[in-house]
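In my numbering, the protein residues as written are 46 to 268.
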């Protein structure tokens with residue numbers, strides 16, 4: 046099975062769907078979206094993301110009630126509750142990452158010892174984040190972005206949503222205290238009203254050269 050849309054078209058054609066048709070996503074395509082989505086990168090390969098795959102009408106209605114009754118939650122054939130697990134800094138979990146790396150031939154004893162020391166230090170000192178939730182959300186959203194692009198490459202539309210009441214979602218779907226709900230991602234086939242491209246700022250407004258605010262100069266390579 047190959048994607049029907051190339052990468053450039055998938056990125057340019059992706060929109061947040063305002064409404065969805067009732068057509069189900071074939072299981073083989075859903076599995077491909079999930080498997081490719083979790084190939085996203087994460088610090089020390091800790092993969093802190095967790096996804097609750099919601100497909101039953103009853104549970105979608107339950108989730109909709111936690112999400113300000115937004116129609117996409119009930120209409121979409123698949124909705125992911127995207128979470129970040131703060132427990133990935135525990136020693137037993139770190140060991141599972143080490144074992145996974147050894148199984149794939151990507152982990153030697155020296156590097157294993159390095160991450161056993163480095164990961165606890167990272168979460169204790171937090172040099173580049175203020176809270177564990179900020180760190181897990183950062184990495185979870187990398188996977189969510191992968192999901193959306195992979196989905197579009199297979200002709201499946203998406204809608205990332207942050208309009209929900211966290212405590213209600215956690216209670217309704219038995220999400221542990223140490224796991225944070227990052228966003229909701231509806232997946233399916235878009236229906237009217239279709240969302241138009243809203244435009245993006247020019248690179249000069251959002252990309253800088255060398256220092257923040259510095260002019261970015263891009264020249265064609267000389268051959």
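Where is the CB? At the ideal position from N, CA and C, for every residue including glycine.
All figures in this text were calculated on a predicted structure; none of them were measured in a lab.
Bridge partner(s) assigned by DSSP for residue i
i, result
"residue 202", "233"
"residue 126", "97, 229"
"residue 269", "With the chain covering 46 to 268 only, the question about residue 269 has no answer from this structure."
Simplified DSSP assignment, three categories, for residue i
i, result
"residue 65", "strand"
"residue 111", "helix"
"residue 210", "coil"
"residue 189", "helix"
"residue 117", "helix"
"residue 151", "coil"
"residue 182", "helix"
"residue 256", "coil"
"residue 105", "helix"
"residue 216", "helix"
"residue 245", "coil"
"residue 50", "coil"
"residue 250", "helix"
Cα-Cα separation, residue i to residue j
i, j, result
"residue 210", "residue 130", "18 Å"
"residue 72", "residue 234", "14 Å"
"residue 66", "residue 239", "12 Å"
"residue 232", "residue 257", "36 Å"
"residue 261", "residue 154", "43 Å"
"residue 116", "residue 237", "12 Å"
"residue 111", "residue 150", "43 Å"
"residue 206", "residue 228", "6 Å"
"residue 105", "residue 222", "22 Å"
"residue 195", "residue 75", "10 Å"
"residue 99", "residue 123", "6 Å"
Start and end residues, alpha helix (DSSP H) containing residue i
i, result
"residue 161", "154-170"
"residue 175", "Neither: residue 175 is in no alpha helix (DSSP H) and is coded neither H nor E."
"residue 147", "136-148"
"residue 261", "First-last for residue 261: undefined, no H or E at that position."
*asked:* Just to confirm the assignment: which complete beta strand (DSSP E) runs, minimum length 3, are found wholly within the segment 55-102?
replied: Entirely contained in the segment 55-102, the beta strand (DSSP E) runs reaching 3 residues are, in chain order, 94-99.
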